[in-house]
Amino acid sequence: MLFLKLILSNLLRHRIRSAISIAGIAFSVAAMLTIVTVLQGAVGMFSGILSSDSQLIVFERNVSDLFFSSVPANAVGEIASWSIVEHADPVLFGIVSSADHPIITCFGITAADARLRKATWISGRRDAFGQRADDIVLGQRAAEFMAATQGSIVQIGHGTFHVSGVIQTANGFEDGGVFMPLGAAQTFFHKEGSSSVITIKLTNRDLTGEFKQRVKARFPNLVALEDDEFTRTYSQFRILKATAWAVGGCGLLLGGLGVANTMIMSVFTRIREIAILRVNGFSNTQIATVIFGESAIVSVVGAVIGLTIGGCFLVALKLIPALHGYIDVTLQPLIVGIVILLALLTGVAGALYPAFYAIRIRAVEALRFE
Amino acid sequence: MTHTVLHAASVWKSYDDGAITVLKGVDFSASEGETVALCGPSGCGKSTLLHLLGGLDTPDRGQIAVNGTPLASHANPLRLLRHQVGFVFQLHNLIPDLTLGDNCLIPTVAAGTPHAVAEERLRELAERTGLSHRIHHRIQKLSGGERQRTALCRALMNKPRILLADEPTGSLDEATSRTVFELLLDLAANEGVTLVMATHDRVLAQRCSRLVEMHDGKVR
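Chains Y and H, in that order, give the protein sequences.
Per the working numbering, residue 1 is the first one in the first sequence, and the count goes up by one each step.
Per the working numbering, residue 1001 is the first one in the second sequence, and the count goes up by one each step.
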């Protein structure tokens, strides 16, 4: 109890300094939580495109980005014919642009594709998809920012297209995207006879291993991965995640420097007090406990406030219509746990030197200190 | 035969890399229950000797032993002595943001004394020093005399056998100084504590059982 009083009395003695230090940790935690959650959410959304009613994804081996993957049409046909495959949907990814919108994701798909089957059709019909070579279906948000409705003619990239329908999906990338018949997309992107990936649903999930083996044996240039496996190993996702943690980590490092500065000031301004504890028998461990206790309280309070700020910020982001479907505000316990742990470690690291300095204070000299 | 509780043999101490030699081969000892006044002019080495006897500092040469144990053989003499030695300084050296009670409990926390035992000891000492009504008051609210009495309570919390007092009344007015000194002698006698006190006040020093004169780093 006395330890707690010693710790709290010092934090309360310098309220502004303590508050600034707590704020440093809080904003660092909030930034890390927001960045990591948003990017994890984005990765989840992109993964969701691929895993729409499918269990596996087949793409070209060793490509750095799925946009560069090329899966030949004969592979699609053969894989779809395997008895263990319930359905195999080829998807061609492309990036197109329209006036005022430099980046729109384009999906070249067949009429049987799960994305069209599972979407809510605001206008148009699925069975009409691809009847005209220049037909496209727009996601709801894409239709909004392109000011298009069913029947509109829109300019996309160097082509002009007829909007045959508008669909609503739960996925932000799909909702802001353009759906083209596969053949039209292959022509538009100069990728005749190929798709970027094939999304696969098996008749029995237990046959996953067998399917992978057959793909490897029959098509050495292709690789089949389960959705989770793909999300874990895809280099773009890994780069995104690493970037998110690195940026968040830098924020936390700055917060940690704030804690270190506070703790150093805390020790320097009460050298005499530490000497009094020393004269009264406090051991090195007990002195260090007081110092680390202070930093731990700063870190824990900062982390709690940071999690609250970050959570509120994420909810606010979700409420912005333009970001609908892109931001997944579901706080993952693992991420929250890691962020709290990092905040605590930062606090402890920030108190290392001050604690080391404090235990080296010589009582007899410090008692002369004014 | 009385038991020697403090012993300093040929102790030398200098500062500033030997530029200032404060103690020059001091020999000193104090027996159990004795009250010893160290007298002498400022800078003669009284405080330095007390610091060395209490393990706050280490001698350059010579040996200090407490209850027969040489301090040089311990890496952290303060830890060794926390049950055996209490300190009172000229300045009270209390932590201002804590209450009187909390300040007094610091040595018991350091020593790992059970809280109930420490609280009982605090009540006992507060009663004897007339501070019972002030236990929950912060240090800023106390007078100079009360602060020094609090420091005295704190020094005695762990029931030390030795009390080292460095000008304990030096910052007090004459009347308060007399009161605190009487209390110091009374507590030392009642607790059976060996008291070694550095002082300029010859009148107070005469009240001790032995007076040791120091001059220019030596005991006369």
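Even glycine gets a Cβ: it sits at the ideal position worked out from N, Cα and C.
Here the structure is a predicted model, which is why all the values come from computation and not from measurement.
- R1149/H and T1129/H do touch by the CB rule: their CB atoms are close to 5 Å apart, below 8 Å.
- Along the region 269-283 of chain Y, the positions whose C-beta sits under 7 Å from a C-beta of chain H are E273, I276, L277, R278, V279, N280, G281, F282, S283, read in chain order.
- If you keep only unbroken beta strand (DSSP E) runs of at least 3 residues inside the region 41-107 of chain Y, you get 56-60, 85-98.
- Per DSSP, the continuous beta strand (DSSP E) segment holding S1010/H begins and ends at 1004-1015.
- Scanning chain Y for C-beta atoms nearer than 7 Å to the C-beta of L1056/H yields V279, A363, V364, reported in chain order.
- What L1105/H touches in chain Y, judged by beta-carbon distance under 8 Å, is L2, going in chain order.
- One finds G281 in chain Y with Cβ atoms closer than 7 Å to the Cβ of A1111/H, taken in chain order.
- Taking C-beta atoms as the reference points, L1071/H and G1217/H fail to come closer than 8 Å.
- With respect to the 8 Å criterion, C250/Y and A185/Y are not classified as neighbours on the basis of their beta carbons.
- With a beta-carbon spacing of about 11 Å, L66/Y and T199/Y fall beyond the 8 Å limit used to define contacts.
- Take Q168/Y, set aside five residues on each side of it, and the residues of its chain with a beta-carbon closer than 6 Å to its own are T120, I122, Q140, in chain order.
- If you check the CB distance, L1081/H and G1055/H come in under 8 Å.
- The beta carbon of R1147/H is closer than 8 Å to those of H1092, L1094, I1139 in its chain, skipping five residues each way along the sequence.
- With contact defined as three or more Cβ pairs closer than 8 Å, the region 239-250 of chain Y and the region 1043-1055 of chain H are not in contact.
- Taking 8 Å as the cut-off, the beta carbon of S1029/H is found no closer than this to the beta carbon of T1002/H.
- Here T149/Y really is in contact with A143/Y; their C-beta atoms are around 7 Å apart, less than 8 Å.
- For L367/Y, the closest Cβ of chain H is nearer than 8 Å.
- In the DSSP assignment, no residue is bridged to L1183/H.
- Within the region 1061-1104 of chain H, complete beta strand (DSSP E) segments of at least 3 residues are found at 1061-1066, 1085-1088, given in chain order.
- Straight-line spacing of the CA atoms in L182/Y and V215/Y works out to 22 Å.
- Our two residues, D1102/H and L2/Y, have alpha carbons roughly 7 Å apart in a direct line.
- Below the 7 Å Cβ cutoff, chain Y contributes no neighbours of H1200/H, its closest Cβ being approximately 18 Å away.
- Going by beta carbons, G165/Y and I104/Y fall outside the 8 Å limit.
- Residues of chain H whose Cβ lies closer than 7 Å to the Cβ of S64/Y do not exist, since the nearest Cβ in that chain is about 59 Å away.
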